[in-house]
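For reference, the structure discussed in these notes is given below.
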Amino acid sequence: MSRITALQIQKHNPHRLSVFLDGEYAFSVERIVAAWLSVGDEVDHPKIEALLHKDEHERAFLRALQLINVRPRSTREVSERLERAGYGEGTIQEVLDRLKNSGLINNANFAHTWVENRCTFHPRSKRILVLELHQKGISDSEIQSAVNNLDEVSLALQLARKYASRCKDLPFDKFRQKMYGYLSRRGFEYEIVAETIQKIWQSLQVEAEVYP
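Sequential numbering of the sequence shown, starting at 1, is according to the numbering used here.
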C-alpha cells in the first residue's frame, strides 16, 4: 500500500496531474481522472492499475473528440486512428461505445452527411460513393439508405457544366474526348456520360448563338 504525498499540475500540460507516492513521482493522469484523489489517500496496486486504465480511456476519448471536431467520422475511421496512436483494442472499443451512446458517432448519419457533402462540393457517381463508404466501414443497408435517392444524371450535368468552360472552344470530337474522360474518372457509366455530353454540347451551341 502506498500513500499519495503530492498532486501537482504539470507545467507543460495543465490538463494532466503528476501523482507522487511516498515522496516520489509515480505517474501522471488527466485531471478529470484524478478528481477524487487527495493527498494522504492510500492506494494499492489494483487501484493504481484502475487509474491508469481510466487515464488511457480518457486520453483516447479526448483524441477521438479532436478527430470528430475536425469533420464527421465513421466508427472505422475513429478506430483506425486510435489504433495508429497506440491505444489497445479494449480501450478503443470502450471509447467507441461511449461515443455511440452519446450520439457523437453514428454510421448512418455519417453516410448521409458524406453523400450530401460529396454531391455539393465534389460530385461522384453512385458507384464511387458506395465504394468510398464501404472503405469507411459503413454497412450495406446504411449505404443504400444514403444513396437511394441520388439522381446520377443531375450529378453528371452538375459536374459537366463546371468542366465545360475549360473545353468549350474545342471541336466536338476533342470536347467529347475530354468530357468523357472527366466524367468516367468520376465513376459515371457510359450511357449517362454520353447523354450528358450531348446535353452540354447543345447548351454550349445555343449560348454561342445567343451570345456570339
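Note that CB positions come from ideal geometry on N, CA and C, so glycine has one too.
Please report the residue range of the beta strand (DSSP E) in which residue i lies.
i, result
"GLU24", "24-30"
Label residue i either buried or exposed according to how many other C-beta atoms from any shown protein chain fall within 10 Å of its C-beta, with 16 as the threshold for buried.
i, result
"THR196", "buried"
"TYR190", "exposed"
"THR91", "buried"
"ASN107", "buried"
"GLU152", "buried"
"ALA111", "buried"
"LYS174", "exposed"
Between the alpha carbons of residue i and residue j, how many angstroms are there, rounded?
i, j, result
"ARG118", "GLU94", "31 Å"
"LEU155", "ARG124", "7 Å"
"HIS12", "ASP97", "31 Å"
"ARG63", "GLU30", "13 Å"
"ALA60", "ARG161", "45 Å"
"ARG76", "ILE4", "40 Å"
"ILE143", "GLU24", "55 Å"
"ILE128", "LYS100", "27 Å"
"ILE68", "ASP169", "44 Å"
"ARG186", "ALA85", "33 Å"
What first and last residue would you give for the alpha helix (DSSP H) that runs through residue i?
i, result
"GLN93", "89-101"
"SER145", "140-147"
Mind reading off the beta-carbon distance from residue i to residue j? Whole number of angstroms is fine, and I expect it under 8 Å.
i, j, result
"ARG73", "ILE105", "6 Å"
"LEU183", "LEU159", "6 Å"
"ALA164", "VAL115", "Contact doesn't hold; Cβ gap of about 24 Å is too wide."
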